[in-house]
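Numbering (my numbering), first residue to last: 11 to 197.
For each residue, glycine too, the CB sits at the ideal point set by N, CA and C.
Just so we're clear, the structure is a prediction, and the values are computed from it rather than from any experiment.
Written out below as structure tokens is the structure these notes cover.
Shown next as structure tokens:
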């Protein structure tokens, strides 16, 4: 095996004599494969952008990231609010409000008594690798609407006391694009 310096010398001589008939790429680094040994979720970026419009609080985001880590394939949430309270050190009253807001914003979806993460934003598992039950769960996790509080244009000029007494109008908007497309297994 030739050293790097020897290979460079050979290449220089060939260039001077113009005897090069082929090009060889010499690399000292090996390709690195991406490992999916850790749990992961897919995020649909065009729909993920909607979070800026939904005004997600820090605690709502903390709860969401914890749920994403532990949700089942098919987006089913199998965690109790009390276990989330203990894990994240959040009071139970605050946790109830967080869940209520995440439902209103269309991030959490209820279907036949089960709670899911909206599969238009996140998905855990690819459909061709899921059994029929999990495919149905992922399908049940879709929601296309969210309740978004509308702040008046003069909101930033209002005093704190005016802001506290302000009752915001809530508008239900269809916010997600059609990103719910199952991947297909290549034949």
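Residue i - partner residues in DSSP beta bridges
i: residue 53; result: 132
i: residue 86; result: 126
i: residue 120; result: 125
Residue i, enclosing beta strand (DSSP E) - first and last residue
i: residue 79; result: No beta strand (DSSP E) contains residue 79, which is instead part of the alpha helix (DSSP H) from 68-80.
8 Å Cβ cutoff met for residue i and residue j
i: residue 88; j: residue 126; result: no
i: residue 94; j: residue 105; result: yes
i: residue 71; j: residue 133; result: no
i: residue 74; j: residue 117; result: yes
Where the alpha helix (DSSP H) through residue i begins and ends
i: residue 108; result: 102-114
i: residue 171; result: 170-175
i: residue 97; result: 91-98
Is the stretch 97-106 in contact with the stretch 52-61, if contact means three or more CB pairs nearer than 8 Å? Flag = no, the stretch 97-106 and the stretch 52-61 do not touch.
Would you check if there are 3 or more beta carbon pairs closer than 8 Å linking the stretch 63-77 to the stretch 107-121? yes
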